[in-house]
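Here is the structure we will look at.
There are 2 protein chains.
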Amino acid sequence: MGIFGRKKRVFLDYASMTPVDPGVLEVIKKYSNSEFANPSALYDEALKAKEVLKDARERIAVVLNCQKDEIIFTSGGTEGNNLSILGIFESYKTLNFTPHFITTVIEHSSILETMKEIERRGGEVTYIPVPAEGIVNPKDVHLAIKKNTVLVTIMYANNEIGTINDIKGIGKKVRDYRTKNYTHLPYFHTDACQAPLYLSTDVLRLGVDLLTLDGIKMYGPRGAGILYVKHGINLMPIIFGGGQERNLRSGTENVPNAAGLALALEIADSMKEKEGVRLTELRDYAIEMILRNFPQASLNGSQTERLPNNVNICFPNLDAEFAVINLDVNGLASSYSSSCMNLKEDSSSYVVGNLGKENCRNSSLRFSLGRETRKEDIDFLVTQLKKL
Amino acid sequence: MGIFGRKKRVFLDYASMTPVDPGVLEVIKKYSNSEFANPSALYDEALKAKEVLKDARERIAVVLNCQKDEIIFTSGGTEGNNLSILGIFESYKTLNFTPHFITTVIEHSSILETMKEIERRGGEVTYIPVPAEGIVNPKDVHLAIKKNTVLVTIMYANNEIGTINDIKGIGKKVRDYRTKNYTHLPYFHTDACQAPLYLSTDVLRLGVDLLTLDGIKMYGPRGAGILYVKHGINLMPIIFGGGQERNLRSGTENVPNAAGLALALEIADSMKEKEGVRLTELRDYAIEMILRNFPQASLNGSQTERLPNNVNICFPNLDAEFAVINLDVNGLASSYSSSCMNLKEDSSSYVVGNLGKENCRNSSLRFSLGRETRKEDIDFLVTQLKKL
Chain A
1 MGIFGRKKRV FLDYASMTPV DPGVLEVIKK YSNSEFANPS ALYDEALKAK
51 EVLKDARERI AVVLNCQKDE IIFTSGGTEG NNLSILGIFE SYKTLNFTPH
101 FITTVIEHSS ILETMKEIER RGGEVTYIPV PAEGIVNPKD VHLAIKKNTV
151 LVTIMYANNE IGTINDIKGI GKKVRDYRTK NYTHLPYFHT DACQAPLYLS
201 TDVLRLGVDL LTLDGIKMYG PRGAGILYVK HGINLMPIIF GGGQERNLRS
251 GTENVPNAAG LALALEIADS MKEKEGVRLT ELRDYAIEMI LRNFPQASLN
301 GSQTERLPNN VNICFPNLDA EFAVINLDVN GLASSYSSSC MNLKEDSSSY
351 VVGNLGKENC RNSSLRFSLG RETRKEDIDF LVTQLKKL
Chain B
389 MGIFGRKKRV FLDYASMTPV DPGVLEVIKK YSNSEFANPS ALYDEALKAK
439 EVLKDARERI AVVLNCQKDE IIFTSGGTEG NNLSILGIFE SYKTLNFTPH
489 FITTVIEHSS ILETMKEIER RGGEVTYIPV PAEGIVNPKD VHLAIKKNTV
539 LVTIMYANNE IGTINDIKGI GKKVRDYRTK NYTHLPYFHT DACQAPLYLS
589 TDVLRLGVDL LTLDGIKMYG PRGAGILYVK HGINLMPIIF GGGQERNLRS
639 GTENVPNAAG LALALEIADS MKEKEGVRLT ELRDYAIEMI LRNFPQASLN
689 GSQTERLPNN VNICFPNLDA EFAVINLDVN GLASSYSSSC MNLKEDSSSY
739 VVGNLGKENC RNSSLRFSLG RETRKEDIDF LVTQLKKL
């Protein structure tokens, strides 16, 4: 039985989207109907909604190890990434100053497309290349920092290949630069959307100034995200209006989603260690079984510095799109790259392509595991792959 | 029994936020957990999600009388208004062209604050004054159009005083200008967030090019909005990434909210006539009873061109904030202006102030009725007002 209650259906695309945790769904329901008021109003129901919002912010701040007013609620990871980049650009650009940004060539589309917009608006962007292991070298980041660099944004874990960057190490390099040059710039942002189920999101320990999370990647609410913004950072909003969220994100607060995010993050945090161990075992079993059965196949990205739930394999000469459709017919949901590139007309992966594995660009498959994944699902996967 | 299931609790702030319709909540639940996939993926579950999204778009298009690909899903009314204004500004501004915008002094904060941003970015804005009746004169709009006007944005119904603008008449003036001057500019946008429960949202009949709706104002999902964008309009996105929503709104599509919006809008449409008649009677009864008991009080804005659910009264020398808190203690939820002005530190209403009723700015109360409002609630209101 797969997650959809039908026979012989195995879902291995949790990196694309997780279902909403049943407890989170209950919370959303509670604050959507019987306790629904606008937290900005003055009466009893509204004050209660405000209290729920405050409580959610506080609980999230505990998990992230930050202050509650450093938590900004957004509509999702894409918006959080946009607000970080565009917000800092608009805050620093002047006639005499061209803000410079540093990122990598394997970031999520919500970072890369926003960087294109920065260039359109007259900003400057450096895209750091990434070696075959899929992990950014902190030294490369340090070398790229210039006098006009306002933001370094490096993803915590890659959405396609699951490789984990040394955020702490990069954060240290950025702080070293700032200390040595008596400046508060550049800021350091990380897109942590793939991280909260398996990795620490302690912003102090990581040494980040901004951090993006997304409800849909952590069994949380849809259309809901968290942006951590450290005290003292000048951000211009990208959406203007009633001045909610410390004027950084206008629009009536989404109380059910805020409460749902808090619970989802707490659940993720409490399951992190155990689920990490369980899935790492399953992941390595999957990699081993696949590489044993397909001697020409290879793992994309580091095996050790890798999310416990990510298996991304290059099968030389395979047509990845054809394979995903074929596996689907046989009862298995997988992915050939990210599902977040709606505009792309081909099935190639720029992430894999940018690792120097040009021949793997169109022939890599991603299997991402989740809370419902069991060993028999991996066995089913290997059986179906053999049928291809 | 009020909406919160407690005794002697009357909720009269539906203009600020409506509860989620129970049927809508069921739909949200369905597509959040057991049928949750990312519609941009390729497998069966994803194709089903894509189908749900397509179906939602089609059903909304039926109510709005437009094409399904003219429907853009957003995170709410504030975002829809921002995208319309900033999207057109960024699309038209060049070194040699300063885009000009026309709006009114009584728009929602998500319009007025975005206009401030337009001015900051070098654009030009004309704010049309509004007479005491609270209704914009279409001639004034026509007179304000200049060669560089790119957008006219006039709200359909005012969120504070409930007055209804002649959108059809304004649309005609805009089209007249365009025809006479052989130009496709300016476009005409209306913030229709307060409208869909009581007024026609037929975009062809109204003659609008862009129209904003918000789930929280129509018993729909939170963090969910609709922006109608007529074919052929050049909009730059304000959020960049995977290119969802015809590249106008990146971010993983919120399938549960899209389906919820479609149902909420269909329910609103089917109840519109009957509920309009019922609430108009209740509204006029409330106005009559209040003015009879408080001879010095006066209605803010037109009584005839007014939303069926809006009662906004000026009580000379009353401290509105004190009154709202006092009514709350006695079991009644009301509002002294909009609940959407989080940054304001005083309780004054710029809407009422801008109608030329300077002395009513701090002494007006808004009571907005909804699906659960009955005659005894109005009687309760009048009793409580007399106690003040």
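Just so you know, the protein sequences line up as chains A and B, in that order. Count the first sequence with the numbering used here and you get residues 1 to 388, in order. Count the second sequence with the numbering used here and you get residues 389 to 776, in order. C-beta: ideal position from N, C-alpha, C; glycine also.
Taken through DSSP and simplified to helix, strand or coil, G613 of chain B comes out as strand. In the three-state reduction of the DSSP assignment, H142 of chain A falls in the helix class, which pools H, G and I. For R292 of chain A, the enclosing alpha helix (DSSP H) covers residues 255-293.
Listed as beta-bridge partners of R694 of chain B by DSSP are B:T551.
According to the DSSP assignment, L83 of chain A belongs to no beta strand (DSSP E) but to the alpha helix (DSSP H) extending over 77-92. By the Cβ test, the region 148-159 of chain A is in contact with the region 88-106 of chain A, since at least three Cβ pairs between them sit closer than 8 angstroms. Distance check between P19 of chain A and each of B:E423, B:V398, B:V412, B:G411 places B:E423 closest, using alpha-carbon atoms only. Within the model, the alpha-carbon separation for N234 of chain A versus D432 of chain B is close to 44 angstroms. With 16 or more other CB atoms across the displayed protein chains lying within 10 angstroms of its CB, N645 of chain B is buried.
A direct Cα-to-Cα measurement between V440 of chain B and A429 of chain B gives close to 14 angstroms.
A direct Cα-to-Cα measurement between I216 of chain A and Q67 of chain A gives close to 24 angstroms.
The beta carbon of N158 of chain A does not come within 8 angstroms of any beta carbon belonging to chain B, so the residue lies off that interface. For R222 of chain A, the residues of chain B that pass the 7 angstroms Cβ criterion are S420, N642, P644, N645, in the order they occur in the chain. Between L598 of chain B and V617 of chain B, the gap from beta carbon to beta carbon is short of 8 angstroms. Per DSSP, reduced to three states, the secondary structure at T589 of chain B is coil, with no helix or strand assignment. Between D579 of chain B and M543 of chain B, the gap from beta carbon to beta carbon is short of 8 angstroms.
Interface annotation, G629 of chain B: in contact with chain A, CB-CB separation under 8 angstroms. For the set A:I226, A:N158, A:L64, the Cα lying nearest the Cα of D202 of chain A is the one of A:L64. Annotation: D269 of chain A to D401 of chain B spans about 38 angstroms, alpha carbon to alpha carbon. For V351 of chain A, none of the residues of chain B pass the 8 angstroms Cβ criterion, the least Cβ distance being about 14 angstroms. The beta carbon of M405 of chain B falls within 8 angstroms of a beta carbon belonging to chain A, placing the residue at that interface.
Among the residues facing chain B, F367 of chain A is not included, as its CB has no counterpart in that chain under 8 angstroms away.
Under the three-state reduction of DSSP output, C702 of chain B falls in the strand class. Secondary structure note for S498 of chain B: its alpha helix (DSSP H) is the uninterrupted segment 497-508. Here DSSP, grouped into helix, strand and coil, assigns Y738 of chain B to helix.
Of all residues in the region 303-322 of chain A, those with a C-beta nearer than 8 angstroms to a C-beta of chain B are E321, reading in chain order. Taking 8 angstroms as the threshold, the shortest C-beta distance from I604 of chain B to chain A falls below it. Contact of A656 of chain B with chain A is not assigned, every C-beta pair being separated by 8 angstroms or more.
Residue pairing of R366 of chain A in beta bridges, as defined by DSSP: A:N312, A:S335. Pairing T600 of chain B with G468 of chain B gives a Cβ-Cβ distance under 8 angstroms. In the displayed model, E124 of chain A falls within a strand according to three-state DSSP. Taking a 10 Å sphere around the C-beta of T183 of chain A, we find fewer than 16 other C-beta atoms and assign the residue as exposed.
Judged by DSSP in its simplified three-state form, T179 of chain A adopts helix. Within the same chain, D554, G557, I558, K561 come within 7 angstroms of P526 of chain B by CB-CB distance, once the 5 residues on both sides are set aside. Shown here, F710 of chain B sits in a helix according to DSSP, grouped into three states.
A direct Cα-Cα distance of roughly 20 angstroms separates G220 of chain A from E245 of chain A.
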